[in-house]
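Chains as they are written, first to last, in our numbering: chain V, 34 to 386; chain P, 34 to 386; chain B, 34 to 386; chain C, 34 to 386. Just so you know, even glycine gets a beta-carbon here, dropped at the ideal spot from N, CA and C. Since the model is a prediction, treat every value here as computed from it, not as a measurement.
Number of protein chains: 4
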Amino acid sequence: MKKADTGAPLGVAVVGAGYWGPNLVRNFQASASFRLLWLCDLDVARAQRVLGGYSTVEATADYAHILADDRVDAVAIATPAATHRDLALAALEAGKHVLVEKPLAATYADGRLLVEEAARRGLTLMCDHTYCYTPAVTKLRELIHDGVLGDVHFIDSVRINLGLVQRDIDVLWDLAPHDLSILDSILPEGVEPEAVAAHGADPIGAGRCCVAYLTLRLTGGAIAHIHVNWLSPTKVRSTMVGGSKRTVVWDDLNPAQRVAVFDRGVDLAAPEELADQARQQMLISYRSGDMTAPALTEREALSAVVEEYAAAIHARRPALTDGRAGLRVLDVLEAASRSLEFHGAVVGLRGAR
Amino acid sequence: MKKADTGAPLGVAVVGAGYWGPNLVRNFQASASFRLLWLCDLDVARAQRVLGGYSTVEATADYAHILADDRVDAVAIATPAATHRDLALAALEAGKHVLVEKPLAATYADGRLLVEEAARRGLTLMCDHTYCYTPAVTKLRELIHDGVLGDVHFIDSVRINLGLVQRDIDVLWDLAPHDLSILDSILPEGVEPEAVAAHGADPIGAGRCCVAYLTLRLTGGAIAHIHVNWLSPTKVRSTMVGGSKRTVVWDDLNPAQRVAVFDRGVDLAAPEELADQARQQMLISYRSGDMTAPALTEREALSAVVEEYAAAIHARRPALTDGRAGLRVLDVLEAASRSLEFHGAVVGLRGAR
Amino acid sequence: MKKADTGAPLGVAVVGAGYWGPNLVRNFQASASFRLLWLCDLDVARAQRVLGGYSTVEATADYAHILADDRVDAVAIATPAATHRDLALAALEAGKHVLVEKPLAATYADGRLLVEEAARRGLTLMCDHTYCYTPAVTKLRELIHDGVLGDVHFIDSVRINLGLVQRDIDVLWDLAPHDLSILDSILPEGVEPEAVAAHGADPIGAGRCCVAYLTLRLTGGAIAHIHVNWLSPTKVRSTMVGGSKRTVVWDDLNPAQRVAVFDRGVDLAAPEELADQARQQMLISYRSGDMTAPALTEREALSAVVEEYAAAIHARRPALTDGRAGLRVLDVLEAASRSLEFHGAVVGLRGAR
Amino acid sequence: MKKADTGAPLGVAVVGAGYWGPNLVRNFQASASFRLLWLCDLDVARAQRVLGGYSTVEATADYAHILADDRVDAVAIATPAATHRDLALAALEAGKHVLVEKPLAATYADGRLLVEEAARRGLTLMCDHTYCYTPAVTKLRELIHDGVLGDVHFIDSVRINLGLVQRDIDVLWDLAPHDLSILDSILPEGVEPEAVAAHGADPIGAGRCCVAYLTLRLTGGAIAHIHVNWLSPTKVRSTMVGGSKRTVVWDDLNPAQRVAVFDRGVDLAAPEELADQARQQMLISYRSGDMTAPALTEREALSAVVEEYAAAIHARRPALTDGRAGLRVLDVLEAASRSLEFHGAVVGLRGAR
C-alpha cells in the first residue's frame, strides 16, 4: 500500500539547489504532509550549503540514487527548463509524482510528453505556478468566478524589474510564465486566449530579448496585455482586470492594499430599439462608486503549493495547476516567440484548454 | 507695421469654449504678451458663461467677425479635430497666426495643407502640445540632450483613466497624441519612430477602441510602447525612458517627485576580442546607484505654451511644437489606426521629421 | 427690504489682496449668490493686479468707501489676524455681514467681542474654516455623526511642509487652526477638548516656534494630537480618526483615495462578571476587515464656504463655522501658547462649545 | 584558552522560543562565527516546534543545564523583559557573554546591575537593538556623523500599527525602545536627550496605554518626538531627521526608497550687525534642491547583530549597542512613564551617556 493512501507523510526529494530550491526545501520541511529526504544537485557542495550545518536531510549529486529510494514518493524539480523533460520523465518512469518548476518544459512537445506519461501512469504531474496560490490571485479568481467583476473586458499585467539577464532564455520565457499562469488560473470557463502577438527589443545587445510586450486576444473580444522587462530600475508587479461590473487592481508590492476592487466604470445601455449610432452614444454613462480593499490573510504561496501537491496526490485528482495548465502556458510562450520572430505577427494558439 | 514687431501685446481670439477653451482664456488673460479680445463659440451663451459676469472680453458666435478684426493678430483654436482644417485655414488666409489644439488636424493630409499654407504666408502655425511645456518634459528633454541618460533604449508610457468615451474619436486619437508629442519632443537628433503596430479592443461595445497598445520601432533598435485606456478606474500617467547610462521615470501624478533619475541598470561590456557567446554572457554587470529627484519649478505648462506662441511670432521662428511636430504626430496616429484595422500589422511611417 | 430677503445676489466686497484674497475673488465671481463689487487693499496696485486687466470689479484702498456703499451687504476679510478685530467690528457696525479668514481674531477676547457684536446686531459672522467644507471632512463628519466609527478613541493630525516662516505668528497659529477647526467640526455632540499641552522648538533661531506638537484631552478619555511643522521638506496633510468600530484615515494629498475607512481594530470584550486582570487580557481580540475608500465628489471647498455664507445670511441662522466655532479654536490656540511658554504644562480650556 | 581567542565558532544558546527566538535561531545557524548548541524554553515542546523535525540543535527546558555546558560561550536571551535581569545575571555569573532582547531590563536599576556585573567580569553585554543594524539606520548615522545633515534640528518618529496589545507592558515600553535606541545610535557626540514629556491614552480600556506621544528636549534646543500606537489600522514606520543643511526621511515600509535625503529647507542668515527683529525676518531664505535616495544594500539586520556580537566578544570591546546603550534607553523609558503618570510633566533624565 502506498503512503499516498495512508495519511503518513509523503517522502519527497528536491532536485536543484539553485535560486528556487532552498524555498522548496524550507516549505517541505515546514509541512506535515511531507518528509523531506534528499536535496539533489550536481554540485553537492552547493546542496550542502543550502541545507546548512544543522540539517538531518541528506545531500546528493546522484539522481538515480533518489529514484531508486523506495521511501521517495515524490520529487520536486527546480532546475533549468532545458533539463525538465529528462528529469521529470525519469521520475515518472520510476513511479514518482512530479512537481516541476515553471515553465513545465522547454518546449510544448516536451511538456505534452510529460503530461501524457503522467496520465498513462496515474501519477500526479503538477506545475509550480506559485503566484496562483497567493491570497491575491485566490481572491481574484473568486471575484471573477463569483461574478463580482462581471464579464472580463481587459487584463493588463506589468512585471518589470532590474532583473538578472538570464543566459539561456529571454525575458519572455523568464517572466511571462508568471502572468500567463495567473491568467490561466483566473479566466472563467469558456474564456481563453485565442491568439498572441509579441513585440520585443534587445537594446543592450544581450543576444536575447530584454523588453517584451504580449497582446492576447481572448474569446469574446476581450484583450490581455503583458509587459515584461529586465531593464527597469523600478520594480512593478501589477495586474488590472477590468470587468463589466467592477475592476480589480492587484499591486503585489503594496502589502497594505494588494487587491483593490473598484466599483466604477463606463456603462453602456443598449436597448432593443436602438435606432442609430448617435443614439447609442447618448447611452454611455459612468459609475463613480467606492473602492474596497478586501482583507487578505498573509501566507506564503509556496506552502499552499506544497499542500496542494500533497492533496492532489492523496485524492488522485489534478492539481489546481496541473501539467495541462503548464502546457497551456507553453502554448502561449511558443506562439509568442514565433510572433517575436515575425515582428509582431498575430499567431494563433492550439487551444489546449 | 505689425504689432509682432513692436513689442505691444498681440491681439488674440480664442475659438471654442468647450473643455480646453477656458484654460486658454485664463492663460491669455494672465500673459502680458497678449491682449485677449474675443472668445468665439457657435453656442455664444456657452462662451459668455466661460467669460463670467465680470469680464471685458467679448463673446461671439461669428468667426468671420474675428477674422475681419484688424486688432486680432493671432487665434487659438480649441474645437473638435474635424473642424481644425477649415478654421485654421481661414485664419491663415486672413493673415492670422494660428495655435491649434492637438491633434493638428483630423488627417495627415489636412495637417500638411495647414503646414504648407502657414509656410507660404510666413505665419506661425503652432500645435498646443501642452505636455511638452511641463517642467517634467523640459527636464526629460534636457537629460536626454545633455547625454545624462546615454542612448535611449526603451520608452514606456502609460496614460489610463476612467476618461470620457469620446463620440468622434477612439482612445488612440484622444490620448496617444499626448505621448506621441512628448516622444517627438524628447527624442534626440537622429532617433525617430520608423514603424508602428497597434492592438486595441472595444470590450464595452462603444463602437470604437477604448483600450489600445502602440509599439513603435525607433531608429537603432530602441522600442517605444504606449498604453492608453479609457476604462481604467485608476489614473496613471507615467513614462519611463531607459537609457544606456541612466533611466528616468516621470510620474505626473506624484507632485512631490515627478521626475526620478535612476543611476542603476544593466551594463554589457563588449571587448573586441569577444570570443564566443558564453563569454559575452559573463560580461553582463549591474549598476546599483542612487536615485535623484531633481527639483522642478512648478509652473502651469499652458502659460509656457502661450509665451512660446508669442516668442515664435515675434522672432519669426518655428515654435518648439510647430506644425511639423503636429504633422509627425498625425503620421503615427494614421499608421497606428491602419495597424489596428489590420490586427496589429506593423505599418511603416512617412518619416516626416 | 434687504436683498438677503429677496433672493437677489448679495453685494460683497473682499478685503485683502494677499495670499488668500484672490481665491475669495474667484469664488465670489463664480457664485450666483453674490455680486462682487470691490476688492480692497491698502496697496491698491496689488488689488488691481489680482483683478487683472479684464475685470469689471473695482479696486480701492479705502475701506470706509466700501462700508459706506449701500450695495455692499457683506464683506470677506482676508488680512493678517491682527487687523481682524478692527476691520470686522467696523463692518458689523456698518451693518454688513462678515466672513473672516482664520483665525477669527488675534486673541480670544477680540474674537468674543466680534461674536457678541454680531449677535447684538443680528448679523452673520462666519469664520472661513475652509477645510471644514472639503468633501473629505464632510464625509468624516458624516461617518462620525452616523455612528459608523463608533466612539472616537483618538485623533492624530499631521500638517507639515516646507512652509513660509511667518513674520507675525508662530507655526501653531499659522497651521494648527486648520486642524483645530476640523476637530471642532467633526467631534460629536458632547465630546470636546478639555485641556491642551504643547511642545515646540525653534531650531533655526527664527524667533518663533517652527515645529510644534499639541496634545488635547477630550471628554471621556480620548486623545487628539496635532503635529505642525514649517521645516519638513516633505508635505504631509493627514488625519486619522480612530473609533471603537472603525478607523478612518484622511490623506489630503492622495486625490485617488483621500478617505479610507478601515474595518479593523482591537476589540475588548468586558463582561459584567470580569474577575481579574488576567481574565480581561484574554478578551482582547482583533478584527481584520476590509478597507473602503468611499467615492467623493471633487469640489473646491471655498465655493461651498461662499454658498454657506449666502445661505446663513438668507436663513438668518448660524453658519456651519460661525463666530463661535472660530472662538473655540482661539480658546485652544491661546491655551496652547500658554502651554508652550510653560514648557508643556497642561492648560485647561474655557469650554466655549 | 577561550574559543573567543582562537577564531573557532563560539558556542551559543538561544533562550526563549517565542516571537523573536526563532529569528535568533535562524541567524545564529547562518553565521560562521557561532555554533548554535541549544534552544531553551520553559515550554520545551515549543522549542522543539521552532527547531522543526530536521534540526541537530537540542531543545531543553533546563537553563541550568545550558549554563553548566562548557561548550556554551554565549547566550542570547529573548524572553519577556521581567525575566531579563535574573537570566542575564545567572549567565554572566556562569562566565557567559550575554545578548539580550530590548529592553535591556524591566527597570533602570536592573539594567545598571547587569552593566556593572558584565564590566566586573570582563564579559560582553550587548543589547539586541536590531534597528540600529539596518542599512537605513547605518546610512542615517553616517549622514549625521559625516556632517551631511549639519546640526540636528528635529527628529520625528512614527511607529504605529494594529499591534498586539501586550499583557505586561504598555505601548511605550513595547514600541518606543526601537525609536529610542535608533535615536541613541544616530545622535552626534555631545547631543543627547535632556528631558522627556509623555502623553498617552487607553481609549479601549485595556488597562494600559495604547497610544503615546513622547517629546524629548535635546542638548542645544533640538526636539525629538515619538508617536507609538497599537490601534492604528495602517502601519507606519517613518523617521524624519531635520538638519541645518539637509533633512532625511526614512520610510521603512518603502523598500524601493527607504532613505531620502532632501537638499531643501529654510536658511536663516544671522550677520553680526543684526539690528532688530524686523531685519532678522528679512534674512529667512528657502533652498529648493534635489532629493537623493542613496542605494542601500538589502541585508537582514539581525545577521549584523549576530556578527557584531561575535566581533565584540573577540575584540573585547563594547558592542555598538552595548549594555550602556540599553541603559540610556531605560533611562528615557522610566522618565516617560513617570511623565505619563503626572499628565505630561517634563521629567529630567539621568544623562547616562
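Can you grab the Cα-Cα spacing for the pair residue i / residue j, in whole Å?
i	j	result
Val151 (chain B)	Ala228 (chain B)	Correcting the residue identity first, residue 151 (chain B) is Ala in this sequence and not Val. Each residue's alpha carbon lies about 28 angstroms from the other.
Asp201 (chain V)	Ala111 (chain V)	15 angstroms
Asp217 (chain V)	Leu360 (chain V)	11 angstroms
Leu137 (chain V)	Arg383 (chain V)	17 angstroms
Thr248 (chain V)	Gln290 (chain V)	27 angstroms
Val269 (chain B)	Gly196 (chain B)	11 angstroms
His130 (chain B)	Val48 (chain B)	13 angstroms
Gln62 (chain P)	Val83 (chain P)	13 angstroms
Ser66 (chain B)	Gly86 (chain P)	12 angstroms
Arg320 (chain P)	Ala334 (chain V)	31 angstroms
Pro210 (chain P)	Glu225 (chain V)	32 angstroms
Gly144 (chain P)	Asp364 (chain P)	10 angstroms
His260 (chain P)	Ile193 (chain V)	15 angstroms
Ser271 (chain P)	Val244 (chain V)	17 angstroms
Ile188 (chain C)	Ala114 (chain C)	27 angstroms
Ala41 (chain P)	Pro351 (chain P)	20 angstroms
Ala368 (chain P)	Gln199 (chain P)	20 angstroms
Asp203 (chain C)	Cys242 (chain C)	5 angstroms
Arg68 (chain P)	Val45 (chain P)	6 angstroms
Thr330 (chain V)	Leu264 (chain P)	29 angstroms
Val391 (chain P)	Ile177 (chain P)	Absent from the structure is residue 391 (chain P), since the part of chain P shown begins at 34 and ends at 386.
Ala139 (chain C)	Thr116 (chain C)	8 angstroms
Residue i lies in the beta strand (DSSP E); which residues open and close that run?
i	result
Tyr164 (chain C)	Counting along the chain, Tyr164 (chain C) falls outside any beta strand (DSSP E), and DSSP gives it neither H nor E.
Look up residue i in the DSSP assignment and give the residues it is bridged to.
i	result
Cys73 (chain B)	B:Val48 and B:Thr93
Trp263 (chain B)	None; Trp263 (chain B) has no bridge partner.
Ala228 (chain P)	P:Arg250 and P:Gly381
Ala66 (chain B)	The residue you asked about is not Ala; residue 66 (chain B) is Ser in the sequence shown. DSSP lists no partner for Ser66 (chain B).
Arg270 (chain V)	V:Arg192
Val244 (chain V)	V:Ala234 and V:Asn262
Ile317 (chain V)	V:Leu301
Leu43 (chain B)	B:Phe67
Ala326 (chain V)	B:Met324
Phe61 (chain V)	In DSSP, Phe61 (chain V) forms no bridge with anything.
Measure the beta-carbon distance from residue i to residue j and round it to whole angstroms, keeping in mind my assumption that it falls under 8 angstroms.
i	j	result
Met324 (chain B)	Ala326 (chain V)	4 angstroms
Leu205 (chain B)	Leu366 (chain B)	7 angstroms
Leu43 (chain P)	Ala107 (chain P)	5 angstroms
Tyr246 (chain P)	Ala257 (chain P)	Between Ala257 (chain P) and Tyr246 (chain P) the Cβ distance is about 12 angstroms, and since that is not below 8 angstroms, they are no contact.
Arg297 (chain C)	Ala328 (chain P)	7 angstroms
Starting from residue i, trace the alpha helix (DSSP H) both ways and give me its first and last residue.
i	result
Asp179 (chain P)	Where Asp179 (chain P) is concerned, there is no enclosing alpha helix (DSSP H), given that its DSSP letter is neither H nor E.
Gly215 (chain V)	Correcting the residue identity first, residue 215 (chain V) is Ile in this sequence and not Gly. Its alpha helix (DSSP H) spans residues Val204 to Ile219.
Ala239 (chain C)	Segment: none, Ala239 (chain C) is in no alpha helix (DSSP H) and carries neither H nor E.
Ala337 (chain B)	Ala334 to Ala348
Does residue i come within less than 7 angstroms of chain E when only Cβ atoms are used?
i	result
Pro236 (chain C)	This model lacks chain E altogether; the protein chains it does include are V, P, B and C.
Worksheet entry | Continuous beta strand (DSSP E) assignments of at least 3 residues falling wholly in the segment 87 to 150 of chain C | 91 to 93, 107 to 110 and 130 to 134
Practice prompt. Could you pull out every unbroken beta strand (DSSP E) segment of at least 3 residues lying fully inside the segment 276 to 302 of chain V, listed in chain order?
Written response: 280 to 284 and 292 to 301
Item to complete: Go through the segment 354 to 379 of chain V residue by residue and report every complete run of the alpha helix (DSSP H) that reaches 4 residues or more, in order.
Response: 356 to 374
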